[in-house]
Amino acid sequence: MNDKRKRVVIVTGASSGLGNACATHLAKKGFVVYGTSRRPDEKNRRADEFFELVRMDATDDDSVTSVVDYVLAKDGRIDALLCCAGIGIAGAVEEVPIVEAARQMDVNFLGVARAVRAVLPSMRVNGGTVLVLGSMAGLVGVPFQAYYAASKFALEGFVDSLRMEVGGAVRVALIEPGDFRTGFTAAREVFGLAEGGPYSEAGRRAIGGMERSEREGSDPVIVARLALKLLDARRLRARYSVGPWGQRLAMALRRALPRRIFELILMAYYGVPARNGASK
Ligand SMILES: NC(=O)c1ccc[n+]([C@@H]2O[C@H](COP(=O)([O-])OP(=O)(O)OC[C@H]3O[C@@H](n4cnc5c(N)ncnc54)[C@H](OP(=O)(O)O)[C@@H]3O)[C@@H](O)[C@H]2O)c1
Numbered sequence: 004m005n006d007k008r009k010r011v012v013i014v015t016g017a018s019s020g021l022g023n024a025c026a027t028h029l030a031k032k033g034f035v036v037y038g039t040s041r042r043p044d045e046k047n048r049r050a051d052e053f054f055e056l057v058r059m060d061a062t063d064d065d066s067v068t069s070v071v072d073y074v075l076a077k078d079g080r081i082d083a084l085l086c087c088a089g090i091g092i093a094g095a096v097e098e099v100p101i102v103e104a105a106r107q108m109d110v111n112f113l114g115v116a117r118a119v120r121a122v123l124p125s126m127r128v129n130g131g132t133v134l135v136l137g138s139m140a141g142l143v144g145v146p147f148q149a150y151y152a153a154s155k156f157a158l159e160g161f162v163d164s165l166r167m168e169v170g171g172a173v174r175v176a177l178i179e180p181g182d183f184r185t186g187f188t189a190a191r192e193v194f195g196l197a198e199g200g201p202y203s204e205a206g207r208r209a210i211g212g213m214e215r216s217e218r219e220g221s222d223p224v225i226v227a228r229l230a231l232k233l234l235d236a237r238r239l240r241a242r243y244s245v246g247p248w249g250q251r252l253a254m255a256l257r258r259a260l261p262r263r264i265f266e267l268i269l270m271a272y273y274g275v276p277a278r279n280g281a282s283k
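Residue numbers (my numbering): 4 to 283.
Listed below in structure tokens is the structure:
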């Protein structure tokens, strides 16, 4: 049993990147943190200095509920859930196998739904905060990341609906990061784009551009500081965009510009030719 005065938080996807930064920062600030990973024994031993890393696969109902049961058995309550677990699947809509598209949705969207469903029974009674990591790709589609973008667009609607269902008892917000330097870039799985194929040139250029932008992206501790600020805040807005200033500006501009103009700017940014993307 941990110190009863400390707030208890579960951070999914805490073995790497944004989840690891959040779990470490919150633990250092006095939270009792349970981080999750599919392979807690193999990854990031550094994490153990600050928080307990427990096994959880976001695609497995029992795995998710058993983490929540474990924390409730140890501490009697869960004050906050941070959903950071996620994967990136890239490639052309036409070429990414549907089974992989389904896996993308299963981890990024249903994985969040599983965790939220599991904590709600106790949070509805005791109160609590749910912070979900969406993405700026949940606000604008990104070429050759359609299934990733779809999983993040799904979270936008999910969080809006959830806020209205449980708003009296549970605070809910979506964090929409731009590009951050994390393990996400190396872990991204690319399908299709075979040499000489219709999407090869544009797809590889777009994904190369994304990877460069992520490697030069913001420091994950910025998301961790935001998460702490939100956990301490009296009121939460529905959404918080965070990341490189140019990307935050672009998100603001997208409302002002005609959709086609914004689309052309985005295509130019990712090096996708204006004539519908596909190469010969
Ligand atoms: N980095 C960015 O630029 C960026 C931008 C916008 C949004 N985001 C979002 O931020 C979140 C965190 O991404 P990140 O950049 O920190 O990526 P990351 O460094 O690759 O970390 C991803 C985390 O998710 C966990 N994970 C992956 N598949 C899982 C599964 N099936 N079940 C449970 N956990 C799983 C991984 O843990 P194990 O492998 O140990 O299980 C890892 O801890 C994601 O939702 C991502 O979409 C990131």
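No residue lacks a Cβ here, since even glycine has one placed at the ideal position from N, Cα and C.
Which stretch, first to last residue, makes up the alpha helix (DSSP H) that contains residue i?
i: residue 103; result: 101 to 108
i: residue 190; result: 187 to 190
i: residue 233; result: 224 to 235
i: residue 273; result: No alpha helix (DSSP H) holds residue 273; DSSP gives it neither H nor E.
i: residue 219; result: Residue 219 -> no alpha helix (DSSP H), and no H or E assigned at all.
i: residue 20; result: 20 to 31
i: residue 257; result: 248 to 259
Buried or exposed: which applies to residue i, given that a residue is buried once 16 or more other Cβ atoms fall within 10 Å of its Cβ?
i: residue 6; result: exposed
i: residue 264; result: exposed
i: residue 55; result: buried
i: residue 118; result: buried
i: residue 45; result: exposed
i: residue 52; result: exposed
i: residue 8; result: exposed
i: residue 167; result: exposed
i: residue 164; result: exposed
i: residue 101; result: exposed
i: residue 123; result: buried
i: residue 277; result: exposed
i: residue 223; result: buried
i: residue 261; result: exposed
i: residue 204; result: buried
i: residue 79; result: exposed
i: residue 128; result: exposed
i: residue 234; result: buried
i: residue 196; result: buried
i: residue 256; result: exposed
i: residue 22; result: buried
My assumption, with CB atoms under 8 Å, is that residue i sits in contact with residue j. Please give the rounded CB distance.
i: residue 99; j: residue 90; result: Not a contact, Cβ separation roughly 13 Å.
i: residue 134; j: residue 85; result: 5 Å
i: residue 95; j: residue 206; result: 6 Å
i: residue 226; j: residue 76; result: With 8 Å as the limit, residue 226 and residue 76 do not qualify as a contact, their Cβ atoms being about 29 Å apart.
i: residue 3; j: residue 121; result: Residue 3 lies beyond the stretch modelled for the chain, which goes from 4 to 283, so this question has no answer here.
i: residue 18; j: residue 40; result: 4 Å
i: residue 184; j: residue 237; result: Not quite, the Cβ-Cβ distance comes to about 32 Å (not below 8 Å), so this is no contact.
What residue range is occupied by the uninterrupted beta strand (DSSP E) comprising residue i?
i: residue 119; result: Segment 114 to 129 is the alpha helix (DSSP H) holding residue 119; no beta strand (DSSP E) there.
i: residue 13; result: 11 to 15
i: residue 158; result: No beta strand (DSSP E) contains residue 158, which is instead part of the alpha helix (DSSP H) from 149 to 169.
i: residue 177; result: 173 to 180
i: residue 8; result: Looking at the DSSP string, residue 8 is not in any beta strand (DSSP E), and its letter there is neither H nor E.
i: residue 242; result: 242 to 245
i: residue 138; result: Here residue 138 belongs to no beta strand (DSSP E), and DSSP marks it neither H nor E.
Quiz item: Contact between the segment 102 to 119 and the segment 214 to 224: three or more CB pairs below 8 Å?
Solution: no
Quiz item: Using 8 Å as the threshold, is the segment 11 to 23 in touch with the segment 51 to 70, meaning 3 or more CB pairs across them?
Solution: yes
Quiz prompt | Contact the segment 242 to 249 vs the segment 177 to 191: 3+ CB pairs below 8 Å | solution = yes
Quiz item: Touching or not, the segment 136 to 156 and the segment 179 to 191, by the rule of three or more beta carbon pairs under 8 Å?
Solution: yes
Practice problem: Kindly confirm or deny that the segment 220 to 237 and the segment 28 to 38 touch, where touching means at least three C-beta pairs closer than 8 Å. | Solution: yes
Quiz item: Which whole runs of the beta strand (DSSP E) in the segment 52 to 105 are 3 residues long or more, in chain order?
Solution: 55 to 58 and 83 to 86
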